[in-house]
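Chemist:
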Amino acid sequence: MRESAVKGGIRNRQLILALEPEAASVYCKHIPNELKVADGQTTIDALSAGTKYLILDAGGGTIDITVQEVQADESIKQLYMANGGDWGGTKVDLAFENFLEEFAGKPALQKFREDDKGGHLDLQREFEIKKRTIKSDQKGKLTIRVPVSLREAHKKVSGRDLQSNNLAKLDKDKLRLESSAAKDMFADPCDYIVSHLQKIFDDPKVKGTDTILMVGGFSESLILQDAVKKAFPSKIVIIPPEAGLAVLKGAVQFGFEPKVISTRVCKVTYGIASSILFDEENDPEDKRFTDEHGNDYCSGRFSKHVEIGQSIGIDEEIEEQSYSPVSSDQTSMAIDVWTSTNKNPRYTDERGCSLHGKISVKLPDPKLGVKRNVGVKMIFGKTELEVRAIVKHTGKSTAAKFDFLR
C-alpha cells in the first residue's frame, strides 16, 4: 500500500498507515458530547478513562474486531489483537443474488448481467438501500424496484414470462419479497459475527469489556444491530453518527494524532533467519552445513525477537540481538525478517512462517573474518515496524520499514 501511494505521488515521509478499527476508535473518541446507543438513547462519556470496549468494524467484505482500553492520559491501549473474517455485507448481497438465481433462473440472470450492466448495478444499489433499513421485526413484504430488462432476459432464455412464487411476487417493475425471505439473507453473516464476538468475550484478557462500538457500512444494518444487541443484552452497544464514515474520518484524525494508540498487541511472532550451531539431538540432518573452520551449523533457524500476543508500546525498541557472517570473505549480509503464527518457531520453513522482508547490510573489512558482528534491533513505531541493522566495528546502520499491521 505504501509503495503504491509513493508511486502515486505521495511523499513517503508524509504517509501514515492506519488500522481501520483504530481509526474508528479515534473518531468516536473525539465525538464532542454524546454517542448514540442501539436502543435510541444516548450515553455521555462512554469512552472515558478506564473504559474497555470492543470495536466491531463491519464493512462490505470483512469484519475486523479488536478490544481496546482508554488510558488515564486518554491514549488507547490495545488489549486483543485485531482479527475477524469475511462475514461482511457482501454476504447479504450474495444471498440476494442467489435468491434472484432461484427466482429467475441462473441463465436468465447471467444474460441480464451481460446485456444490461447498468440495470444490474441499479438493482444492486436498490437492494443496498433496502439492506440498511429492513428491520428484524419487519412484517409484510419488501418492495424492490427491478429493471424491465430482467423480465426480457428471462423471456429470451426460457421463452416464458417471469412468474411469481410463494416468496416473491412480480408486479410490473416491482419485486415484492416476503420479509421472512429478506431477513434470511442476513442469517449467516449475523450468526458468524455473534459467534465470533462470543468467543472474544469469553477470553479472560477482555474481562470487564462492557461496550461494543459498531462502525463500518454494514453496522448501519438494523438487523445486524439487533442481532448484536439481543446476543449481548448486558453490553452497551454504540453506533456513532455516520457509522460507515467513522473509519475515514478517524483516519484523518489519526494522522494528526498518531500516538493516540499507545500500545498494540503483536499479531505474529517476528524473528530473523539465522544459522546456529547444530544440535545433534534436535536438528534435522538436511539443515546441517559445515563452515570454513569445521564447525557444524544448522541453517534456517528462527531467531525470535518478538512473540505473538506480546504488547508493544509505540516507538518501543526491542532488545538488540547480534549476528555474524558464517564466511570470512562475505562482503554483505542478508537480514531476512520472518513472521510466524506460532509462539516459538524453531525453523523458518515451519507451517505458519512467512518471509516478511529483507535488508542487505554491507560488510567491509573482510580481513576481520567472521568477527564482524551486526546488531539487529526492531522498533515498533506507529503502525510500522522498523528493522535497524548496525555493523558494530564501523557504526554504520541500515534500516527498512515493514508493515506492522499485516
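So in numbering that gives the first Met the number 0, spot 226 of the sequence shown is number 225, and the numbers just go up one at a time.
The C-beta atom is built at its ideal place from N, Cα and C for all residues, glycine as well.
Predicted model, so just to flag it, every value in this text is computed and none were measured.
(1) Please return the same chain residues whose Cβ sits closer than 8 Å to the Cβ of Lys35, not counting the five positions on each side in sequence.
(2) Using alpha carbons as the reference points, say which of Ala388, Pro365 and Glu383 lies closest to Val375.
(3) Go through its chain and collect everything with a Cβ distance to Asp328's Cβ below 6 Å, but skip five positions before and after it.
(4) Evaluate Met0 with the Cβ neighbour count: other Cβ atoms within 10 Å of its Cβ, from every protein chain shown; 16 or more gives buried, anything less gives exposed.
(5) What is the rounded straight-line gap between the Cα of Asn32 and the Cα of Ser47?
(6) Count the other CB atoms within 10 Å of the CB of Pro344; is the residue buried (16 or more) or exposed (fewer)?
(7) Hey, is the region 184-200 in contact with the region 141-154, meaning 3+ C-beta pairs nearer than 8 Å?
(8) Go ahead and pull the three-state DSSP assignment for Asp170.
(9) State the beta-bridge partners of Cys424 as determined by DSSP.
(10) DSSP three-state call for Ile15: helix, strand or coil?
(11) If we call anything under 9 Å between Cβ atoms a contact, is Lys130 one with Asp85?
(12) Compare the C-alpha of Arg371 against each of Phe401, Ile358, Ser339 and Thr330 and name the closest.
(13) What separation, rounded to the nearest whole angstrom, lies between the Cα atoms of Glu383 and Thr397?
(14) Do you know offhand how far Phe379's Cα is from Val264's?
(15) Hey, is the region 95-111 in contact with the region 276-296, meaning 3+ C-beta pairs nearer than 8 Å?
(16) If you count every other CB in all the chains shown that lies within 10 Å of the CB of Val251, and 16 or more means buried, which is it?
(17) By DSSP, does Leu362 sit in helix, in strand, or in coil?
(18) Using a threshold of 9 Å, state whether the C-beta atoms of Ile211 and Leu78 are closer than that.
Modeler: A quick look at the data gives this:
(1) Because Lys35 carries a pLDDT of 47, less than 50, the predicted location of this residue cannot be relied on, and no value is offered for it.
(2) Ala388
(3) Pro365
(4) exposed
(5) With a pLDDT of only 42 at Asn32, under the threshold of 50, the placement of this residue in the model should not be trusted, and no figure is reported.
(6) buried
(7) no
(8) strand
(9) Nothing can be reported for residue 424: it is not among the residues displayed for the chain, which extend from 0 to 405.
(10) coil
(11) no
(12) Thr330
(13) 16 Å
(14) 11 Å
(15) no
(16) exposed
(17) coil
(18) no
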